[in-house]
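Chemist: Right, I'll just put the structure down here and ask away after.
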Amino acid sequence: MGRLSGFRVTITQVFRPRVTEKFPQEKRPKPPRFHGRHVLNRYEDGMEKCIGCELCAGVCPAQCIYVRGADNLTDAPVSPGERYGFVYEINYLRCIHCDLCVEACPTEAITETKLFEFSFARRQDAIYTKDELLVDDEGRARRQPWELWLGGEDDETSAWMRATSSSGNAAYENRVAWSGELGFGVREPERGQGGDPGALPAPDQGGVS
Amino acid sequence: MTTNAVPMSQWPSEHRYTIPVAPGPETVTVTIDGRAAQIPRGELLIKAAQDHGTYIPRFCWHERLKPVGMCRMCLVEIEGMRGLQISCATPVADGMVVHTTSDAVTTAQDGILEFLLINHPLDCPVCDRGGECPLQDQTLAFGPGESRFVEEKRHFEKPVPISDLVMLDRERCIQCGRCTRFADEVAGDPLIDFGGRGGSTEVITYLDEPFHSSFSGNTVQICPVGALTARPYRFRARPWDLASTETSCGACAVACRGSLESTSNRLVRLLGVDSEPVNQGWLCDKGRYGLDWVHSDARLRQPMVRRAGELVESSWPDALDAAAAAIRNTLDTHGPNGIAVLGGSRGVNEDAYLWARLAKGVLGTDHVDAQLGDGLPADVVLGMPRATIPDLDRAKAIVLLAPDLKEELPVLYLRVRRAAHDLGVPLVDVAVRDHGLTPYATAVLRHAPGDPGAAAGVVADALVGRPGRTKVGKAIVDATDGRDGPVVVILGRTSVAEHPDAIVHAASRLTGLPQVRFLSALANPNVHGALDLGLTPGFLPGRVSLDAGRDHFTKAWGAVPDAVGRDAAGILRAAATGEIAALVLVGCDPLAECPDRNLARAALEQADTVIAVSAFMDTAAFGATVVLPPTVWGEQSATTTNLEGRVVRLGRRVTPDGSTLESWRIPAELAARLGSDFDLETVDEVQDEIARVAPAFAGVDASLLRRARDGVVLPLADHADEVTFGRAGAGPGPSWEPILPVPEVVGDDDRSPSTSASDSPSAAVPAPTPPVPLHRWDAPPDAPSVPPLDAYALRLVAGHALYGADAIVAATPALASLTHEPTLGLNARDRDRLGVHDGDRVRITTARGSVDLAVRTDAQTPPGTAWIVANAAGPGAPDLIDLTSPVTELRVETIS
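Heads up: the sequence lines are chains B and R, in that order. Take 10 as the starting number for the first sequence in the numbering used here and just add one per residue. Take 73 as the starting number for the second sequence in the numbering used here and just add one per residue.
What follows is the structure in C-alpha cells.
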C-alpha cells in the first residue's frame, strides 16, 4: 500500500465536512447589523422619505454622497413637506459603509441592505443615482445588472441606530435600537445598551414635525 | 443696591431707542462679567459687550436697526437694578456692573428659548436656514436642551410668497421684527408689518400691495430663523455645501461688499458684508440675486471668428490672431485714427488699464470712450473735488443733481436716506420729476428738462446764506443754518434725453460753495475705474490729462497719442461716415446702451471691422468680425473702482465653463501680437503696474489692496488715514451673528475701545505723492441754450430702471420676470389733454425717430414732460434721442 500512503492527506480531506461555499451561487447569511449597499426608502403611499436635507452628505466622512434639494410641486409632491431630494448620488468607489449617513438621516430615508457583491466595469456604474437607490413599489431594492442578489439581502433594511450623542456630548450614552418605522424590513426594537436593561427603548420616531 | 449703580432716571435718555450713531468722546467704566472696560457714554450694553468680547445672545437686536426689545433673549443682570434688563435697549452708565452668565440670566434665557420653540417647527432639515440659524445656534449654546412641550404647534400654510423674490413661512417666525423694522427704518418701504395678536401674530403685507421693495433680500439675510427665504436660493444648497469669498458686488457703481458663495462651481448666494463706509451690510435685490447670468446658457464659451460671412467658433490663438490682423490692417489703411475703442465701464480696473495702454500706447489712438453718451464728461468726473459716501453723514447739506438713486444706485439711496432721515442732514432735491428720495428732501426744486441751471443757482445762493425770495431758498437757509461740514453734491445724468452740458452747467454753479464736494452718480459698475484708467478721450490713466501726462507716460509706455480724440458720440458719428473703420467694443453693446440707437446702428453697420469683447451674443457681437468672450464677475479676481473712487477687490469664486480668457489678458495678448509685449503674467503685476504708472493710483498696489479691508479711496495721499486693516468691526459674519469666540484676556483692563475689533488702528500707509499733478475741473461751461418750452410738445425725461435690459437681469431668470415693458409715463393732465387712457398705444415722434408705446399715468412726472425708461428691452427712448440736441421734444399721436 505504499503507493496510496502518499494520498493519505488527500483522502482524509475528502471525508471532512466542507467549509468552502459555492459562493456566487450560495451565500452565507449576513449579520443583522451588516452594512451593505444603500437604499432610499419610501412611505407606504409611495412618497419618498428623502427630503434632500443633505445631512447625510454633510456627515459622510468619505464625501461620497451628493444631494441637492428642490421645491416640491404642490400638485404632485415627491415627498411630504416643502423639499425633496432632487439629486441623490452615492459614489461606491468612495463609500466606506460606515453608516453615518443612516444615523444622520432625520426621516430614515437612507438605510443599508446586506448586499455587498457589486462590482463595476465603468466608473459611471459606481455612482448610484436616485433611480437606482430608490426602493421599488414593494419596498425592495432595485437590482442592478452588476449586483449579485440571491434573496434575503434586502429583507432587513431597517437601520441599527447607534448610541451617537444628539447633543454633542461624547460621553453621553443614548439608547440603541432598531429604528423601526421603515418601508421594509421593520424589526422590533432591541434593548438599549445603557440605562435600564429591562425597558425596551421607544423607537426613534424620526421625521419632521 | 450697590454704591456705583446709577439710577435709571439719570441715564442719558437721548440714546434710548435710537441708534447711537456717534457716541461721544466721553467714556464710562462698565464691568462686564468681571472685566472693566471703557465704553463711550450712550453705547448700548449689548454692543459694548460684543465689542469687548462678551457675546450676549439676541434675536431682535441688529447693529444697524433701532432696538425694540422684542425677543427678550439678551437679558442680563445689572447690579443694583431689580430684575433682569434687556441689554439691547440699555445704554451703559458709569460704574455699571453687569453679569451675563449668572444663574438668574441662564435660567431666564432657557425659559425664553423654550417659549420661542413652543411654536417654532422642528423642520430644520427642510429649512434653508438650518445649519446657519441663530435660533439653532443659540438653542445649542444657551438653551435647555430638552423640550417639555408636547402639544400641537401652531400651523399656517407653508411658504406664502410676499413678493416675487421672498417667501414667508409664518410657522417659523419668532416675531423679532427685524424684517419689518428693516423695511421701515432702513429701506423706507414700510410694506410689511405685524398683524394679529398673541400666538397668531404674523408678518403680513398690505392686501393690494406685495412686498415690492428693491431691498427685500436684506430681510432674508437678517431673519434670525428661516421664516423668510429667498426664492432664487430656495433649497439650492445647504450651508455646509457653500464655499465663500469676499468680493464686491458688480451690479452698479456702489460696489457693495459681499460674501459670494458657491456650491458645485455654481454661484448661489451673495450676502452683504458690513463695510462701514460703503454698504453697511445691505445689498439691493439686483446685486444680491443677479448671479445666475454667470452660468447662463447664453454665455459665450468660445471665441468666434467670421469666416465667409458666418461667425464660427475658433481657438483663442486663431481668434486673437484674427483680431490683431484686423487691427493691423486698419492701422495700415487708415492710420491710428481709424481705430476706436468703446466701452470698458462694465469691466474691471485691470482690463480698463490694459485697454487704455493698448489703445493709447500701442495703437496710438485717442478715440477711446468708456461711456456711450450716457455719462458725464470725463473732464468733470475726474477733476471735480470728490466726496466719499461717509461724507454724506457729516455733510452740511446734500444736493441731488442726479437720477433716481433708488433705481440706479440703490444702496447709495439707502445711505442718502439714512443721512437725511436718521441723521438730519438737509437734503436738497433738484430734479425734473419726483423720485425715491423726494419724500426725505428738505427742499424740493423742480425745473424743466434740460434747464437745471436756475434751480442750482437758487441752491448755491441759499447754501451761502442768501435765501432770495423763494420759499425753498428760505427752507434751505433755515435747515443749514449753523451746520458745519462739506456740501455734498450728488452729480449724475438726471436724464439721458438731454445734453450733459445742462447738468454740468448746473454743477458748475455750485463749485463756488465753501467745502463743496461731488459724489458721482454714474451707475455702470466700473465706469469710474475706466475713466480713472484712461478709457476716455484726452486723459491718461490716473486722472491726468493727455498733455499733463505726456512726458510721464511716454517714459512708461513709449508713446502716447498726439491729439485729443473723439468721445463716444464723435466715434459713432465718425464710424457712421467711414472715418473710423475699426471699432473695438469692450463689454458694451452700443445698440442697447447708447441713448441714440440710430447713431449706434449706423456706426456698427458702416464699420469695416468690429471686434467685440463680450460675454454674451448681444446685438453688437452678432455683427462682429471677431468675438472674444472674457471671464466675468465671480470668475476672476481683480479690482474695481466705485463711485467714490474707492478701489476694492473682486473675488474669484467659480471656474468658468468653456474657454474664456481673463478679461485683462485679452488686451495684453493683442498687444503682444501687435509687437509690444507688456510682460505681465499675473493680475497682481497689473495692479502693481497701475500703482507705479497711473498717478492717481500711486501707492495703491496689490499688497495694499489685499490688506485694506474697505478698499482704498483715490488718491491715496488724501485718504491714507481712512484705510483700515483687519477684520470688519460691525457684524462679524455676513448673514447672521455666529457666536463669537471670546478672545483670550491678558489683563483685566487692557481691553480699551481702541484695541477692540471695531476700530482697529489704521496703520500708517505710505502715501506717495503722484508724479504728475492730477487733473482739476476748473472751466465751467457756458450755459447751454435751451429752446423755450413748446406748448404742444412734451419734453422727454429718460432714466434707467433697476431691472433693465442689461445682461445681469436678462440672463438671470429670477430678475428677468421683474422687468417691465417700456411705457410712456404721462401726467394725468397731459393724458387727459391728449385724450388717451392707460394702456392705449400711442405713436411718439421726435426729430430722431418714432416708436409706439402704451400710455401709463405717472404721478411723478410733471405736466409738460414725458417719462420713458431708457434701458428697457425693445423699442423705446433710445430710438427717440439725438445725442447732440440739448433736449428731446416729442409729439404724441393716437393710433387706432
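Ideal Cβ placement from N, Cα and C applies to all residues, glycine included.
Mind checking the region 42-64 of chain B against chain R and listing, in chain order, the residues whose C-beta falls within less than 8 Å of any C-beta there?
Modeler: Answer set for the region 42-64 of chain B: ILE60, GLY61, CYS62, GLU63 and LEU64.
Chemist: Could you confirm whether any beta carbon from chain R is found closer than 9 Å to the beta carbon of ASP80 of chain B?
Modeler: Answer yes: the Cβ-Cβ gap between ASP80 of chain B and chain R drops below 9 Å somewhere.
Chemist: Just reading off the alpha helix (DSSP H) that GLU480 of chain R is part of, what are its end residues?
Modeler: Segment 477-480, the alpha helix (DSSP H) holding GLU480 of chain R.
Chemist: Just to confirm, are ALA325 of chain R and PRO572 of chain R a CB contact at a threshold of 9 Å?
Modeler: No, they are not a contact pair.
Chemist: Between the region 693-712 of chain R and the region 662-682 of chain R, are three or more C-beta pairs nearer than 8 Å?
Modeler: Contact between the region 693-712 of chain R and the region 662-682 of chain R is present, because at least three Cβ pairs lie under 8 Å.
Chemist: Using only alpha-carbon positions, find the residue among R:ALA789, R:GLY152 and R:THR933 that is nearest to HIS519 of chain R.
Modeler: When only C-alpha atoms are compared, the closest one is R:THR933.
Chemist: Hey, out of B:GLN153, B:GLU91 and B:ILE60, whose CA is closest to PRO115 of chain B's CA?
Modeler: When only C-alpha atoms are compared, the closest one is B:ILE60.
Chemist: Compare the C-beta of PHE307 of chain R against all C-beta atoms of chain B and say whether one is closer than 9 Å.
Modeler: Output row for PHE307 of chain R: interface = yes.
Chemist: Any idea which residues DSSP pairs ALA108 of chain R with across the strands?
Modeler: Looking at the DSSP assignment, ALA108 of chain R forms a beta bridge with R:THR103.
Chemist: Near GLY298 of chain R, what residues of its chain come up, given a Cβ to Cβ distance below 6 Å and the 5 sequence neighbours on each side ignored?
Modeler: So the qualifying residues of the chain are CYS199, ASP200, ARG201 and ARG244.
Chemist: If you drop the 5 nearest sequence neighbours on each side, which residues of the same chain put their C-beta closer than 6 Å to that of ASP912 of chain R?
Modeler: The answer, listed in chain order, is VAL927.
Chemist: At 3 residues or longer, and completely inside the region 546-593 of chain R: list those beta strand (DSSP E) runs for me, N to C.
Modeler: Listed in chain order, they are 559-563 and 588-592.
Chemist: Which stretch, first to last residue, makes up the beta strand (DSSP E) that contains TRP897 of chain R?
Modeler: Here residue 897 of chain R is Gly; the residue named in the question, Trp, does not match the sequence. That run of the beta strand (DSSP E) goes 895-898.
Chemist: Determine the direct distance from the alpha carbon of GLY621 of chain R to that of ALA640 of chain R, and round the result to whole angstroms.
Modeler: ALA640 of chain R and GLY621 of chain R: Cα-Cα distance of roughly 22 Å.
Chemist: Roughly how many angstroms lie between the CA atoms of LEU890 of chain R and ASP910 of chain R, to the nearest whole one?
Modeler: One C-alpha to the other measures close to 20 Å.
Chemist: Taking 6 Å as the limit between beta carbons, can you name the residues of its chain near THR162 of chain R, skipping five residues before and five after?
Modeler: Taken in chain order, the residues that qualify are LEU117.
Chemist: Any beta carbon of chain R sitting closer than 9 Å to that of PRO115 of chain B?
Modeler: True, the Cβ-Cβ gap to chain R drops below 9 Å.
Chemist: Along chain B, in chain order, which residues have C-beta atoms closer than 8 Å to that of ARG638 of chain R?
Modeler: The contacting residues do not exist; ARG638 of chain R stays about 52 Å from chain B at best.
Chemist: Can you tell me the Cα-Cα spacing of PRO958 of chain R and GLU570 of chain R, whole angstroms?
Modeler: Rounded to the nearest angstrom, the two C-alpha atoms are 5 Å apart.
Chemist: Can you list, in chain order, the residues of its chain whose CB lies under 6 Å from that of ALA450 of chain R, leaving out five sequence neighbours each side?
Modeler: Excluding residues within five positions, the ones whose Cβ falls inside 6 Å are LEU603, THR608 and PHE611.
Chemist: Go through the region 163-221 of chain R residue by residue and report every complete run of the alpha helix (DSSP H) that reaches 4 residues or more, in order.
Modeler: Complete alpha helix (DSSP H) runs here, min 4: 175-190 and 206-214.
Chemist: Using a cut-off of 8 Å between C-beta atoms, extract the partners of PRO231 of chain R located in chain B.
Modeler: Ordered by position in chain B, the residues that pass the 8 Å Cβ test against PRO231 of chain R are GLU91.
Chemist: I'd like to check one pair, ALA315 of chain R with ARG778 of chain R: are the Cβ atoms closer than 9 Å?
Modeler: Contact flag unset, no.
Chemist: Cβ atoms of ARG737 of chain R and THR45 of chain R: under 9 Å apart, would you say?
Modeler: No answer is possible for residue 45 of chain R: it lies beyond the span of chain R, which begins at 73 and ends at 968.
Chemist: Whole beta strand (DSSP E) runs in the region 629-716 of chain R with 3 or more residues, listed along the chain?
Modeler: Whole beta strand (DSSP E) segments, 3+ residues: 654-658, 681-685, 698-700 and 710-713.
Chemist: Just confirm the distance between the C-beta atoms of LEU237 of chain R and ASP357 of chain R, as a whole number of angstroms; I'd bet it's less than 8 Å.
Modeler: 6 Å between Cβ atoms; contact.
Chemist: Taking GLY148 of chain B as the query, report the chain R residues whose CB atoms sit under 8 Å from its CB, ordered along the chain.
Modeler: Simply none; closest approach about 22 Å.
Chemist: Write down the C-beta distance between HIS613 of chain R and ILE399 of chain R rounded to the nearest angstrom, noting that I regard them as a contact closer than 8 Å.
Modeler: The sequence shown places Pro at residue 613 of chain R, rather than the His named in the question. Going by Cβ atoms, the distance from PRO613 of chain R to ILE399 of chain R rounds to 21 Å, so no, they are not a contact pair.
Chemist: Can you tell which of R:ARG338, R:HIS791 and R:GLU333 has its C-alpha closest to the C-alpha of GLY344 of chain R?
Modeler: It is R:GLU333 whose Cα lies nearest to the Cα of GLY344 of chain R.
Chemist: At a Cβ threshold of 9 Å, is GLY271 of chain R touching chain B?
Modeler: No, no contact with chain B.
Chemist: Could you tell me how far apart the beta carbons of HIS892 of chain R and GLU480 of chain R are, in whole angstroms, since I believe they sit closer than 8 Å?
Modeler: Rounded, the Cβ-Cβ distance is 16 Å, inconsistent with contact.
Chemist: Quick one: Cα of THR277 of chain R to Cα of ILE119 of chain B, how far?
Modeler: Distance between the alpha carbons of THR277 of chain R and ILE119 of chain B: 40 Å.
Chemist: Please report the residue range of the beta strand (DSSP E) in which VAL326 of chain R lies.
Modeler: VAL326 of chain R -> no beta strand (DSSP E), and no H or E assigned at all.
Chemist: Are three or more beta carbon pairs between the region 867-884 of chain R and the region 543-559 of chain R nearer than 8 Å?
Modeler: Not touching, per the Cβ criterion.
Chemist: Going along chain C, which residues have a C-beta under 8 Å from GLY160 of chain B?
Modeler: Of the chains in the structure shown, none is chain C; the protein chains are B and R.
Chemist: Could you have a look at GLY94 of chain B and say whether DSSP puts it in helix, strand or coil?
Modeler: DSSP places GLY94 of chain B in strand when its eight states are reduced to three.
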